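Taking UniProt numbering, I'd label the letters of the sequence shown as residues 1 to 465. Report on the structure given below.
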Amino acid sequence: MAAQQDEREQAPGRPRVRRWWQDNGICPPLAVKEKEGRGGGVFTTEDLKCGTEVLPPIAPLACALMSDVRGCYCDYCFKSVEDCGKPLRRCSRCRFAYYCSKACQESDWRSHKHECRVTISKAWLSVMMRLVLRCMHIQGKQKQELDLLRASDDNLLSEGASKDTQNCIHGVLGFLDTDDPATKKKIVDIAYKITFNGFSIHEDELRPIGVGLYTCLSLFNHSCVPNCAAVSDGRKLVVRTVADIKAGEQLVVSYLDPFDTPEQRKLKLTEYGFECDCEMCNTELYPDSPFRALEAGLEGSSPDEVRVAVERGVESLKRAKYLMDMDDWRRALVEIGSSLSRQAGILHCMHNVTLTTQEQLYYAYMGLENLPMAVEACEKLSEPYQRYLPKYHPVLGSHVFRLGTLLFQLGVFSKNCHKLSECLTVLTKGVEHLRVTHGPDHPYTQYAVATLEKAQAVLSMLSEA
């Protein structure tokens, strides 16, 4: 059963968003309209094949990098320091923002100048605080677009989300050192709009690096089985179909992490005013659902043992992330290995916490440049990814390409033709997948194609030797 979406879809501002959509030249085959019993949404007027770009790269109204990647990406275009091929230039005034070029620094100044004077004296700002500060000074047409976005209802928010939003509001008020009622109202309104409408911006391997506001994406409704996916291209987002869609059908995306547990999904969807009884969200109705494993303990484990194992696993993830951020890969590996050992006798091998820990294991081995063990850790993720994700999904495509790249590197290092032949099969599958989810013109897809061609050339050379 699809999520019940009436509350959000009947929001008063949505007709104005539809007018904005039409005024900005978003044209057939997409149409924004009402459907009896379903409210408003984005529909197609003709059949769409899987892998069709339905929205070209869209720039955000405002965006901000997460604090833990500051200095690793350009604060304007979100290009990584590796892709730049040179150190990023730092804002000479606040020493907080980083840019890949003078052009990016100048382009960002209209937004950055308002936070620059704050960060000169304040050493730390969360991504949400930065986004609020940037939105406060939006003018003209962008201000009109911001006004179209609906603010979330604090009564719907989970305790954690509500606390984060309130902390952001108090933090911004403290930084600005103001008790002006009008300013406070504006900050509150913007903070709740970000909570409700913010989209994560990801790097190529789909780790979140920032948050952005995108007006047109607010019209795409949620589905636990989406037929479209939004993929980052720098600071921009592109929307593509990941399934065949018939004329008259609604285009939907997922607002959730595909590996959220049913309990996490229920909490997050409640914040959007949704109720969902699909097998991903309500495993009590579907006792044979594979998604039960995401929050399950092994047979014989008591509920208390599972709860304690999850709590300890989450704390261990935080410690390991901190160690990896400090480039202390060896201690991180010890932390991760100990955590997996503790989970092994209690949690299901496809439990949400175990999968996240397994992902960290891969990154730790990569940090230590232990290629064989990185391949092994990456391969262990293949089964749960294929089990939980649909045929075409950005996470699955990125994973398959990543595994193919590792096998290629291992084959080149060992001059093993069998490994290289295996990597070609995996890389080919990864490229095919990325062409659907990211598109042939996306930089990550082009990099994947170049890697596949390089692997083919190396295998041919070794075979002739």
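Glycine included, every Cβ here is placed at the ideal spot set by N, Cα and C. All values reported here derive from a predicted model rather than from experimental measurement.
- Buried is the label assigned to V54, since at least 16 other Cβ atoms lie within 10 Å of its Cβ.
- Comparing alpha carbon positions, the residue from P56, V42, G40 and I169 closest to I187 is I169.
- Annotation: the continuous alpha helix (DSSP H) that includes G397 extends over P394 to S414.
- Between L256 and K268, the CB-CB gap stays under 7 angstroms.
- Taking the Cα positions, P390 is about 23 angstroms away from L424.
- Counting every other CB atom within 10 Å of its CB across the protein chains shown gives T178 a total below 16, marking it as exposed.
- Inside the UniProt domain "MYND-type" (74-116), DSSP marks whole alpha helix (DSSP H) runs of 4 or more residues at positions 81-84, from first to last along the chain.
- Look at L148 here: in three-state DSSP terms it is helix.
- With distances taken between CA atoms, G337 lies nearest to G313 out of D325, H348, G313 and D327.
- In this structure E295 is in contact with N352, their Cβ atoms being roughly 6 angstroms apart against a cut-off of 8 angstroms.
- C-alpha of L371 to C-alpha of Q409: approximately 8 angstroms in a straight line.
- Cβ atoms of R130 and A59 stay farther apart than 8 angstroms, at about 17 angstroms.
- Boundaries cannot be given for H351, as no beta strand (DSSP E) includes it and DSSP labels it neither H nor E.
- Secondary structure at T215: coil, using DSSP grouped into helix, strand and coil.
- It is roughly 12 angstroms from the alpha-carbon of D233 to the alpha-carbon of E205.
- Considered as a whole, the segment 240-283 harbours 250-253 as its complete beta strand (DSSP E) runs of no fewer than 3 residues, in chain order.
- Nearest in C-alpha terms to T52, of all of E464, P440, T451 and L459, is P440.
- Sorting Y392, C74 and K415 by C-alpha distance to the C-alpha of E432 places Y392 at the top.
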